[in-house]
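A quick write-up on the structure given underneath.
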Amino acid sequence: MSRLYLPMGPRSKPYPFPQDARQSLLNRLWETRTLLPGARDMPVEQLRDYVQAQEAKIKQGYYGDPNPAPPKPVDPDKHRHDLGALKEYLAWKRRRGEY
1 MSRLYLPMGP
11 RSKPYPFPQD
21 ARQSLLNRLW
31 ETRTLLPGAR
41 DMPVEQLRDY
51 VQAQEAKIKQ
61 GYYGDPNPAP
71 PKPVDPDKHR
81 HDLGALKEYL
91 AWKRRRGEY
């Protein structure tokens, strides 16, 4: 299977070269990682209000960190204990005839 590489950078926006205020607002809305159904058809003033509200929420930290830290590695003893508990659970399910 071939790999598909999506473009990144300033030209990866929905409108890389915005022609009017609507396209510029849609780019700003895309940068906030927000999907708004009907955004292309709504009045520009209403779209501007939505974009400003989303940008304000991001500045306030309403959505948390968009790129959280990766999980820490699991302790090997805890991993072994969890595997043992899972094996016991599966054996119990088999005895009951559910699995």
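Numbers 1 to 99, taken from the UniProt record's numbering, label the letters of the sequence shown in order. Glycine included, C-beta positions come from ideal geometry on N, C-alpha and C. Bear in mind that the values here come from a model prediction, so they are computed numbers and not experimental data.
Quiz item: What did DSSP end up calling Y89 once you bin it into helix, strand or coil?
Solution: helix
Quiz item: Taking the Cβ atom as the reference point for each residue, do T32 and V44 lie within a distance shorter than 9 Å?
Solution: no
Quiz item: According to DSSP, is Q19 helix, strand or coil?
Solution: coil
Practice problem: Check G9 in the structure and name its three-state DSSP category. | Solution: coil
Practice problem: Determine the burial state of L29: buried for a count of at least 16 other Cβ atoms within 10 Å of its Cβ, exposed for fewer. | Solution: buried
Quiz prompt | Contained alpha helix (DSSP H) runs [length at least 4] in the UniProt region "Disordered" (58 to 80), N- to C-terminal order | solution = Entirely contained in the UniProt region "Disordered" (58 to 80), not one alpha helix (DSSP H) run reaches 4 residues.
Practice problem: Can you grab the Cα-Cα spacing for the pair L26 / Y15, in whole Å? | Solution: 8 Å
Quiz item: Does the separation of the CB atoms of R48 and A21 fall below 9 Å?
Solution: yes
Quiz prompt | Reduced DSSP category for A39 - H, G, I as helix; E, B as strand; rest coil | solution = coil
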